[in-house]
Structures are given as C-alpha cells and as structure tokens.
C-alpha cells in the first residue's frame, strides 16, 4: 500500500465533496495506512525506509496546502475588509448582492481556515509517525546487534560453515582456472585483455608521473628550514600522503577500466569490481596518510608526539586495519550476491573479529605508549584493551554481530574523529594563511580590505568558526549514518540546522549566519574600494587639505563598517530592536 497522494487521488473523484475537503480525507487515509503498518510486527527496515519517504512527501504536500490556504485566507479577509463592517442593527440594509458576496466570502474563509487547521493537525500526526519509524529502526538495529548465534565453541558452526566457504572458494577459482586454461576464442580474448591491461596500466603510470613529480617539488619547497609549525607539519603530511597514494591509485583505476571497458565482467562481477576499486583506493589513502603523519622523513614533522618505535608500530596497525577492512568490504559485497547461510556469515564475523584482535594486540606492549609529555596515552591503551576484550568475549558468547560491530563501527568512528581533527587543523591553517602577514594572500586581503590586526583576527575567527561548524556537522552526519540512522533523517537534520532551529527565543540558522558573513565581507570590501578610489583618484584632483580628506575618508570607513555590520547582523536573523 502506497502512502503517496498519487495512489489515492483517483479515488477522490468518487468521494463526496460535503464535509471535509477530499484532500483531507486522502491525507487521513494515507496516515491511517502508515499507522497500521507501523503497528504490525513484521515491518522490515526497507519498508520503514519507504514509509519514511512517503511520509515526507505527504508532509510536504500538506505543508504546501496549508500555506496556500493561509494565503487564501489573508486574501479573502482583505476582500471582506473592502466590503466594510456589516451594518449595525437599525442601520440601512445592504443590497442583496453585497449580502450574498459577504456570505460567500465568510464561507470561503471558514473553509480555508478549516483546511489549514486540519492540515496542521495531520502534519503533527505525520511527525509522530516519523518518530515511530525512527524508534523502530533503533529497535531493529539493537535487535540485530544483540542477536545471538552459535558460539565458535560449537562444532556444528564449523561443520556447516567451513564446507560452505569451500564451495564459495571453488565457485570463484574453478571458472577462473577454466578461463585461463581454455584455448581458442576464449584464450585469445584473455590475451587481448592482458594486452589491454598492460597498456592501460603503463599509460596510467606515464600520466601519473608528472603529477607525482609536481607533488614532490611542492613538498621540497614547503619543507621548513627551522622548527616546523603545526600547520607546516599538516601541510607536508597531506602532500606526502597524496604523493604516496597517487601512483597505486592510478594503477588500480587502470586495472579497473581495463576490465570494465573490455566488457569482460558480468553484472555481478562488475558490482564486485566497483566495491574492490573503492576499497583499494580507500586503503591506499589511509595507509599513505598514516605513513606520512607517523613516519615522515624528518622526525620533527611527525603530527603527534610519539617515539620512533611507537610511530612505526601504530603505522603498521593502521595499514593492517586498512587492508583488512578493504578485503572484508569486498567479501561482504560478494556474500550479498549469494544465498549464504547464517553460519557462513557468522564465520565471516568471527574471522574478521579475530584478525582485528591480532592486529590491535600488537599495540598492547607498554613501551609503545610511553612518551615524555603526553600523559593521555596510557588511558588510550586501557581503552584499547577493553575494546579487544569486548570483541573477544562477545564472539565467544555467540554475539557475533555485536562482536563485529565493536570491531568495525568503533574503529571506523575513531577514524572519522581523526579525520575531523585533521580537517579542523587544516581549516586553522587555511585561515591563518588567508589573513597572515607572512603570505601573499594574507597581505593582499589586508591591503584590499584595509584590515587592522584586530579586524583580521575578527574576520579569521568568524570565517574559521563557520567552516569548522560545517565540518563538525558533516562529521556528526557521518557518525549518525554509520550507527544506523536513516540517511534521509540525517540529511533532514542538516537541513533543519541550515534553515534554523529555536534556541530560547532566538532562531539560529547556519545558512543565515553564512549569508551574514558574506554580506558583511562584501560591503566591507566595497567600503575599502571606495576609500581607495577617494585616495587615488578623487582627492588628488581637489584642493582639500589633508585634515578634511582624512575626516571624509574616516567617516566613509566608519559608516561603511556600521552599514556592513547592521546588514550582516540582520541577515543572521538577529532582531536589533530587541538589543
């Protein structure tokens, strides 16, 4: 049963137009259908997603109808005001035409107001249904995480799971061997594919080397002669990571396109190749950044305060986890195309968790976490021990899904937090570069905008804070989607932040804040340009003394700044009359 108005609209022609408007009846019918499905016990996650999409479409339709009814009510009331008040008792009666018109307008006002009020009530009802969908999704996620399967100590798990995995291996290896050993047309096709592969990889590497050389030159020019700043460390790490990941990523792309463009892959194999490409490139990027951040050519360029031995150990762990996650992603995509048993999936979760434990266990050596100035590392070591213990214990108790959740989602969440930290540092570096006196960009902006030190600091604070806020929102969005929050709900939450939310008696809107900052900067730039025009073109052609020139220029500057501030604050939605 579909919730959209398109499914119920054809039936509206047969409904009576007396009483409630047909649209209200259709909306109620759709909501009743949704509520009945939500009260059933067998509603799936996919059906919840479809219901959520239908509710969003229905809610949008009702909001549009409510707004139209509100506007219609205002227009009708203006028409009533044009007729004037009804005659008092004892006053001369209105003409029959005016009486009929007034009665008709009052009836239309009542109908429009009734539609708007009923739409408001149904919007609230749809919101409650949407909250029920969110709650059901959380319940389903918790049930999946806490679902108990067979323990690895149960021999039946291995007796059924291992032969199935052997069959899956044979289903991959046997066709591959047959294709390689086959002669004739198939053999010539493979030889042609091999030639395409060699040519494609060679061409990709030839095109990639100039970019790699350019990155290497940028790194060499950016190496500081003295002690590096945090921004310089981050800049060198990012460029080095791009340098290290560029060639392998281009080779992977060449191999992928050699198979795809040659039409040598079936639809299932194409899906698997897409997953493999994304996983391999992601692993290259993570490994390259880890190596650049933890094991640079010069130890003073290391992003975190660690010893050489500790940095090498953590770098090896990050590289191992990146490769393991890439392989597991490809295997998961392959299993999704097959009809596999619960035992086979349980074995996959157990093997994945065991490999994660083995990789993380190499970090349990106490010497790795000993540093001279960072006392927080021992606490991280204790958390790591708890994570390893949780993965192992939950797997032994039969909670393979929960074990996999700890082994995957927790580590990915840590990766997202690390990425947020890097992006925050990158924003600080970019803002410092944009307003600093030691860069050409900073000097140009200061000269064009005639910024003082305090003005440049204020501009950097607001611009950097806004960009950091957007980065933080993106990180929260990624964490929500990772932990089974519906993507549509997460994006709606972002839309609400940009459109505005109530904070006490003030409506805070990120979009309005951005618009206010942009308008403030533009008006301030126009003011500075006008001041430069006065100084360079107008004043030299007059006989005004220097004191009067300075007064005019200062008045224009103060007035332009005040105007820019007022316009920017007003665009942010702040009511200056209440200040």
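In our numbering, the protein residues as written are 644 to 1222. All C-beta atoms, glycine included, are put in the ideal place defined by N, C-alpha and C. All of these numbers come straight from a predicted model, not from anything done at the bench.
The beta carbons of residue 935 and residue 872 sit about 17 Å from each other, so the pair does not count as a contact at 8 Å. DSSP places residue 700 in the uninterrupted alpha helix (DSSP H) bounded by 688-726. The DSSP assignment places no complete beta strand (DSSP E) segment of no fewer than 3 residues inside the segment 745-810.
Comparing alpha carbon positions, the residue from 959, 750 and 1118 closest to residue 1062 is 1118.
The three-state reading of DSSP puts residue 735 in coil, since its state is none of H, G, I, E or B. In its chain, beyond the 5 residues on either side, 789 and 791 have a beta carbon closer than 7 Å to the beta carbon of residue 1042. Counting along the chain, the unbroken alpha helix (DSSP H) around residue 910 starts and ends at 910-937. Around residue 1035, the same chain offers 1000 as residues with beta carbons nearer than 7 Å, after the five sequence neighbours per side are excluded. Nearest neighbour of residue 994 by Cα position, chosen from 804, 767 and 1198, turns out to be 804. For residue 1006, the closest alpha carbon among the candidates 797, 1068, 1073 and 955 is that of 955. Residue range 951-979 is occupied by the alpha helix (DSSP H) that includes residue 971. Counting along the chain, the unbroken alpha helix (DSSP H) around residue 989 starts and ends at 985-1004. With distances taken between CA atoms, residue 985 lies nearest to 807 out of 807, 1131 and 750. C-alpha of residue 888 to C-alpha of residue 923: approximately 11 Å in a straight line. 895 is the residue among 861, 895 and 886 whose C-alpha sits nearest the C-alpha of residue 841. In the pairwise beta carbon analysis, the segment 666-684 is classified as touching the segment 767-780: at least three pairs are separated by under 8 Å. It is roughly 11 Å from the alpha-carbon of residue 1008 to the alpha-carbon of residue 957. Of the candidates 891, 932, 1207 and 900, 932 places its Cα closest to the Cα of residue 879.
For residue 929, same chain residues with a beta-carbon under 6 Å away, outside a window of 5 residues either side, are 965 in chain order.
Residue 674 and residue 751 have their alpha carbons spaced roughly 26 Å apart. Here the alpha carbon of residue 900 sits roughly 11 Å from the alpha carbon of residue 913.
Its chain contains no residue whose beta carbon lies nearer than 6 Å to that of residue 1190 once the 5 sequence neighbours on both sides are disregarded. For residue 1169, same chain residues with a beta-carbon under 8 Å away, outside a window of 5 residues either side, are 1203 in chain order. Sequence-distant Cβ neighbours of residue 1121 in its own chain, meaning closer than 6 Å and more than five residues away, are 1059.
Look at residue 1190 here: in three-state DSSP terms it is helix.
Linking residue 755 to residue 728 through their CA atoms gives a straight-line distance of about 21 Å. In this structure residue 689 is not in contact with residue 989, their Cβ atoms being roughly 23 Å apart against a cut-off of 8 Å. Residue 963 and residue 1002 have their C-alpha atoms spaced approximately 7 Å apart. For residue 801, the closest of 991, 1076 and 1066 by C-alpha to C-alpha distance is 991.
Looking only at 1207, 733, 1125 and 666, the smallest Cα-Cα distance to residue 1164 is reached by 1207. Under the three-state reduction of DSSP output, residue 947 falls in the coil class, being neither helix nor strand. If you draw a straight line from the Cα of residue 948 to the Cα of residue 707, it is about 56 Å long.
Taking the Cβ atoms as the reference, residue 1175 lies roughly 11 Å from residue 1182, outside the contact range of under 8 Å. Counting only residues of its own chain and dropping the five nearest sequence neighbours on each side, residue 911 has a CB closer than 8 Å to the CB of 980.
Residue 951 and residue 938 have their C-alpha atoms some 8 Å from each other. Every alpha helix (DSSP H) of 4 residues or more that sits fully in the segment 1087-1136 is shown, in chain order, as 1096-1125.
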